[in-house]
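Residue numbers (the working numbering): 4 to 123.
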Amino acid sequence: MVARVGANAGYVHIAQGEYDVSDNTLIIQHNKNIDLKFLYHTLVNMKLNQYAKGAGQPLITAGQLKLMEINVPPLEEQQRIVLILDKFETLTNSITEGLPLAIEQSQKRYEYYRELLLNF
4 MVARVGANAG YVHIAQGEYD VSDNTLIIQH NKNIDLKFLY HTLVNMKLNQ
54 YAKGAGQPLI TAGQLKLMEI NVPPLEEQQR IVLILDKFET LTNSITEGLP
104 LAIEQSQKRY EYYRELLLNF
């Protein structure tokens, strides 16, 4: 799911199962050739909020997303990338209070490797 309208326009979230969503949410369905977590990391890396238009209520349209191209490596490579990025994400998010520098450094490493792995 991608938030479509407002301050969170471009926010990416994984949801499996059935949900009721408003028209302020874009639903992205993937096929069997794309690992769901790979798609998630790729969309997060694309920083979709930068494509939101408008000042008061920024908006991203389905048409904008349909025009975006995503490089999709073989499924095995996607899964390898996901393992690496998930590990960095866990390290980044599991460090809590008292270590702001470590959190910042982990976040930078995660973003660096995400960028490196997804822009081939």
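Ideal Cβ placement from N, Cα and C applies to all residues, glycine included.
{"Asked": "Simplified DSSP state of alanine 105, which is helix, strand or coil", "Found": "helix"}
{"Asked": "Range of the contiguous alpha helix (DSSP H) that encloses leucine 46", "Found": "39-48"}
{"Asked": "Close Cβ partners of glutamate 92 (< 8 Å) along its chain, the five nearest in sequence each way excluded", "Found": "Tyr113"}
{"Asked": "Between the CA atoms of proline 103 and histidine 44 - distance to the nearest angstrom", "Found": "24 Å"}
{"Asked": "Arginine 117 versus Met49, Met4, Leu70, Ala65, residue with shortest Cα-Cα distance", "Found": "Met49"}
{"Asked": "Residue from Tyr54, Gln82, Met4, Ile37 with nearest C-alpha to aspartate 23", "Found": "Met4"}
{"Asked": "Unbroken alpha helix (DSSP H) run spanning leucine 65, endpoints", "Found": "The question names leucine, but residue 65 in the sequence shown is alanine. Here the alpha helix (DSSP H) through alanine 65 covers 65-70."}
{"Asked": "Pairwise C-alpha distance: tyrosine 115 and glutamate 107", "Found": "12 Å"}
{"Asked": "Validate contact between the stretch 29-47 and the stretch 73-85 using beta carbons, cut 8 Å, 3 pairs", "Found": "yes"}
{"Asked": "Per DSSP, the bridge partner or partners of lysine 56", "Found": "Leu62"}
{"Asked": "Beta-carbon contacts of leucine 78 that lie in its chain and below 7 Å, excluding the five residues immediately before and after", "Found": "Asn36, Asp38"}
{"Asked": "Cut-off 6 Å between Cβ atoms - residues of its own chain near alanine 6, not counting five sequence neighbours on either side", "Found": "Ala12, Tyr14"}
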